[in-house]
Amino acid sequence: MSGPGQKRRAAPAIDDGQAAPKRDKPWIFRTYAGHSTARESNRLYRANLAKGQTGLSIAFDLPTQTGYDSDHRIARGEVGKVGVAISHIGDMRALFEGIPLDAMNTSMTINATAPWLMALYVAVADEQGAPRAGLQGTTQNDIVKEYLSRGSYVFAPGPSLRLTKDLILFCVRETPKWNPINVCSYHLQEAGATPVQELSYALATAIGVLDMVRASGEIDAEGFANVVGGLSFFVNAGMRFVTELAKMRAFVALWDEITRERYRITDPAKRRFRYGVQVNSLGLTEQQPENNAYRILIEMLSVVLSKGARARAVQLPAWNEALGLPRPFDQQWSLRLQQIMAFETDLLEYGDIFDGSVEVERRVETLIAEAKAELEAIAGMGGMIAAIESGELKRRLVESNARRIEAIERGELKVVGVNCFTASEPSPLTAGDGAIHVSSPEAEREQIERLGVWRAERNAAQVERALAALRAAAKSGANIMPASIEAAKAGATTGEWGAALRAEFGEYRAPTGVSSRARQQSGDLDPLRSEVERVSIKLGHRLKLLVGKPGLDGHSNGAEQIATRALDAGLDVVYDGIRLTPQDIVARAHDGVDCIGLSILSGSHLAMTREVLALMKAAGLSRVPVVVGGIIPPADAEALKREGVAAIYTPKDFALNAIIGDIVAHVERAFEEGARGAGGGRA
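Convert by adding 33 to the 1-based position in the sequence shown; the result is the number in the numbering used here.
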C-alpha cells in the first residue's frame with residue numbers, strides 16, 4: 034500500500050478482449066450569453082469556445098430585439114442590459130471577430146427583428162467568404178409566443194408572420210443548413226404554461242406557420258418538405274422530472290404524427306422532432322441560490338437521458354441568475370455540468386433506457402391525449418393566431434401561472450428554501466461585491482458614441498437608396514430578405530430597418546390577459562379584502578393601483594400576477610401592458626391613482642425609476658408612493674429607497690398577499706402624511 038506522500042502506481046488496464054462501446058455524438062454545448070457591447074461579448078464568446086463550448090447562443094439587448102437604435106429615447110437604460118447591442122454591420126463584425134462563421138453553429142434568440150439580424154449575419158459571412166449554403170445555426174423567429182409570454186413583438190400578427198415566412202423561404206433556398214425557425218415553448222412554461230399547454234401551444238404554432246408557408250404558393254412540394262425538416266423547437270424542462278421526460282417523448286410522437294398525416298412527409302428524417310433546450314429559469318430561487326445548481330442538473334437529465342427524445346443542443350442557466358447577471362465563472366460551471374454528463378458517464382453508450390417503461394409510457398399517453406384535445410380546442414377558435422388575437426390563450430396562461438403561485442403560497446407546491454426548509458447558513462458563494470456580473474455603466478454611452486461615428490462615416494446616399502428598396506419590398510409583398518441584406522451591407526442601422534417596416538406595418542399592442550374583474554377566491558383573501566375596504570373608506574374612494582411596465586422589457590409575468598391579485602383583493606387596477614415610456618406611466622397617474630408599481634426585469638431599474646420619480650415630481654405627484662419589483666441587487670435597492678421609492682420587491686418576495694398588503698399600508702401612510710401636511714398648511 035502507498036502511504037501519505039508516496040506516489041500511487043496506476044492500476045493496469047483490464048483487457049477483456051472487447052472493443053470499447055460505440056458512443057453517440059454528444060449534443061451541442063451552449064451558454065446563452067451576450068452583454069454590453071459587441072467587443073465585450075466577442076471576448077466572452079471566444080473564452081467560452083476555448084473552454085469547450087461547441088456552439089454559440091446569442092442574447093441581444095431589448096432595443097435590438099424590438100428594432101430601435103441604441104440612441105432612441107425609448108432605449109434609454111436598456112442598451113446592453115439583457116444582451117448585446119447590435120446597431121449595424123460594424124457591430125456584427127465585431128461580435129464575430131476571430132470566429133469563422135463557416136465553422137460555427139450559432140443560435141440567435143431573435144424574433145421580431147429576426148430577418149434583420151439574419152441579414153447582418155449573412156452580410157458578415159459574405160465578407161468572411163463563408164458560403165451561405167454552409168452556414169449552420171438557428172434563428173428563433175417564433176413571433177407567436179412573443180404575444181403570449183416574452184413580449185418582444187413589434188407588429189401585428191399578420192405582418193409579423195409574413196416576415197417569419199420570408200425568412201423561412203430565404204433560408205430554405207440560400208442557407209439550407211440553417212434552422213430558420215425555432216418554435217419556442219420555453220417562454221410559455223416561464224409564463225406559467227402546464228405541460229399540456231406547452232405541448233399544444235407549441236405544436237399549434239408550428240401548424241399555423243407551416244400552413245401559412247404551404248398556402249403562400251411560393252414553394253413546391255419538395256421545398257415544403259425541406260421546410261418541415263428544417264423546423265426546430267426550443268423547449269423548457271422543469272423540476273417534475275418524470276413529467277418533463279414524458280413531455281419530450283410526447284413531443285416526438287405528436288410531431289411525427291402531425292408531419293406524417295397532416296403534411297404527408299414520407300422521409301422519417303424530416304419528421305424528426307429536433308429541439309434545443311434551456312432548462313427552467315423560472316424555478317431558480319433567490320433564497321439559498323446554491324440549491325439552483327442541483328435544480329439545473331435534475332432539469333437537464335429530463336432532456337438528455339431518453340435517447341429517442343434527446344435534445345440536439347443544451348444551454349443551461351447559471352446558479353445565480355435569480356440574483357443578476359452571471360459571471361464567466363458561473364457560466365463555466367454550467368458548461369462543465371454538460372461536459373461531465375457527456376464525457377464522464379456512460380449515457381451515450383446505450384439505447385433509450387426508458388423504452389418499455391410502463392410508468393413513462395402511461396404518462397406519455399396521458400399527455401398526448403390531453404394535448405390533442407387542446408389542439409382541437411385551438412382549432413375550434415380559428416387556429417393559433419385567432420386564439421392569440423382574442424386574448425383567450427394569454428388569459429389561460431395568466432390563470433395557470435396564478436394557480437402555480439397560489440400553490441407555492443399555500444405550501445402545496447414545496448420549494449426548498451422558499452416555503453420550506455428556510456433555515457440556512459450564509460452562503461460563501463454570494464459573499465463579496467463580485468458575486469454577480471454588473472454591466473459597465475459606460476457601455477451605453479460608448480455604444481451611442483460609436484453609433485454616431487458610424488452614421489457620420491457611412492455613405493448616406495447609398496443607405497437611403499437601400500432603405501427605399503426595403504420600404505418598397507415591404508409594401509409590395511416581396512421577400513424582405515434580399516433588400517434587408519443590401520441595407521445591412523450599405524450600413525443601415527437596426528432602428529432605420531425597424532422604422533422602415535413600422536411605416537408600412539404600424540405597431541401593435543397585444544391583449545394583457547389580465548381580467549377587469551376579480552376572481553372569486555377562497556377565504557385566504559378575506560383579511561386582505563377587509564383591509565383594502567377599510568383604507569378605501571378612509572380615502573373616500575376605491576384604492577387604485579397603477580401597475581406599469583416602463584421601457585422595452587416584455588417579461589410581464591410579475592406585473593400580471595400583481596395586477597390579478599390586487600383585483601382579487603378588491604383594488605381598482607390600471608394595467609396597460611408592456612412597453613410604456615415613463616411619460617406614459619405618469620400621464621396615467623393623473624387619473625387619480627394611489628400607488629404606482631413599476632415592474633422592471635431588464636436591469637434598467639435605476640434609469641427607469643429615476644425618470645418616473647422626476648416626472649412625478651414635476652407633475653406634482655410626489656406624494657403618490659412608488660414601489661418597484663424586479664431582479665434588483667441590494668445596493669441598487671438601497672439607492673432607490675434613498676431617492677424616494679417606498680418599497681423594493683425581488684423574486685424572494687413570493688407571497689403576493691403580503692405584497693398587496695404592504696402596498697395598502699404605504700397608501701394609508703402617504704394619505705395620513707398628506708392630511709397632516711394639509712392641516713399644517715391651513716394653520
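Built from N, CA and C at the ideal position, the CB exists for glycine as well.
Values in this document were obtained by computation on a predicted structure and should not be read as measured data.
Coil, strand or helix - residue i by DSSP
i: PHE306; result: coil
i: TYR541; result: coil
i: SER517; result: helix
i: ARG63; result: strand
i: LEU426; result: helix
i: PHE284; result: helix
i: TYR682; result: strand
i: ASN81; result: helix
i: ALA166; result: helix
i: ASN690; result: helix
i: LYS582; result: coil
i: SER555; result: At SER555, the pLDDT of 49 sits below 50, so the modelled position is not reliable; the number obtained from the coordinates is stated separately. Correct three-state label for SER555: coil.
i: TYR180; result: helix
i: TYR327; result: helix
i: ALA533; result: helix
i: ILE122; result: helix
i: SER433; result: helix
i: SER339; result: coil
i: GLN364; result: helix
i: ASP605; result: strand
i: GLN348; result: strand
i: GLN311; result: strand
Counted within 10 angstroms of its Cβ, other Cβ atoms place residue i as buried (16 or more) or exposed
i: SER555; result: With a pLDDT of 49 at SER555, under the threshold of 50, the modelled position of this residue cannot be trusted; read the value that follows with caution. That one is exposed.
i: ASP410; result: The sequence given here places Ala at residue 410; Asp does not occur at that position. Classification of ALA410: exposed, given that the 10 Å Cβ count is below 16.
i: ASN212; result: buried
i: VAL391; result: exposed
i: PHE362; result: exposed
i: LYS650; result: exposed
i: LYS58; result: exposed
i: ILE19; result: Lying outside 34 to 716, the shown extent of the chain, residue 19 is not represented and no answer is given.
i: LYS114; result: buried
Span separating the alpha-carbon of residue i from that of residue j
i: GLN39; j: PHE376; result: In this prediction, GLN39 scores a pLDDT of 42, lower than 50, which makes its location untrustworthy; the coordinate-derived value is nonetheless stated afterwards. About 30 Å.
i: ARG293; j: ARG343; result: 21 Å
i: LYS508; j: ARG195; result: 12 Å
i: VAL177; j: ILE664; result: 26 Å
i: ILE692; j: GLU439; result: 14 Å
i: HIS623; j: SER218; result: 39 Å
i: PRO190; j: GLU475; result: 37 Å
i: CYS453; j: LEU349; result: 25 Å
i: LYS571; j: GLY710; result: 17 Å
i: ASP750; j: GLN495; result: Since the first residue shown for the chain is 34 and the last is 716, residue 750 is missing from the structure and cannot be characterised.
i: GLU566; j: GLY603; result: 7 Å
i: THR99; j: ALA136; result: 29 Å
i: GLU403; j: VAL397; result: 10 Å
i: ARG715; j: ASP686; result: Confidence in ARG715 is poor, its pLDDT being 34 and thus under 50, which makes the residue's placement unreliable; the coordinate value appears in the next sentence. Spanning the two alpha carbons is a distance of roughly 41 Å.
i: SER423; j: PHE93; result: 30 Å
i: ILE329; j: THR70; result: 28 Å
i: SER460; j: GLN321; result: 7 Å
i: LYS280; j: LEU287; result: 10 Å
i: ILE132; j: ARG76; result: 11 Å
i: LEU600; j: LEU128; result: 46 Å
i: THR172; j: HIS699; result: 46 Å
i: SER655; j: ALA620; result: 14 Å
i: ALA406; j: VAL261; result: 23 Å
i: GLY581; j: ARG542; result: 15 Å
i: ARG282; j: ALA536; result: 44 Å
CB-CB length for residue i against residue j, believed under 8 Å
i: GLY524; j: ILE122; result: 7 Å
i: GLU179; j: ASN144; result: 5 Å
i: LEU717; j: LYS427; result: Any question about residue 717 goes unanswered here, given that the chain covers just 34 to 716.
i: GLY677; j: LEU646; result: 6 Å
i: LEU368; j: GLY110; result: Between GLY110 and LEU368 the Cβ distance is about 30 Å, and since that is not below 8 Å, they are no contact.
i: PRO615; j: PRO667; result: With a Cβ gap of about 24 Å, PRO615 and PRO667 do not count as contacting.
i: GLU332; j: TRP352; result: Contact doesn't hold; Cβ gap of about 12 Å is too wide.
i: ILE513; j: ASP199; result: 5 Å
Any non-hydrogen atom of the ligand SAM closer than 7 Å to residue i Cβ
i: ALA108; result: The ligand SAM is not part of this structure, which contains no ligands at all.
Check your understanding: Is the segment 653-665 in contact with the segment 680-697, if contact means three or more CB pairs nearer than 8 Å?
Key -> Here the segment 653-665 makes contact with the segment 680-697; the two share three or more CB pairs at distances below 8 Å.
Exercise for review: Evaluate contact between the segment 257-270 and the segment 378-390, counting only Cβ atoms and requiring at least three cross-stretch pairs below 8 Å.
Suggested key: No: fewer than three Cβ pairs fall under 8 Å.
Exercise for review: Decide if the segment 608-615 is in contact with the segment 587-597; the criterion is three or more beta carbon pairs, one per stretch, under 8 Å apart.
Suggested key: Because the criterion of three Cβ pairs below 8 Å is met, the segment 608-615 and the segment 587-597 touch.
Exercise for review: Answer yes if the segment 477-495 comes into contact with the segment 288-308, meaning at least three C-beta pairs across the two stretches below 8 Å, and no otherwise.
Suggested key: The answer is no - the segment 477-495 does not touch the segment 288-308, with fewer than three Cβ pairs under 8 Å.
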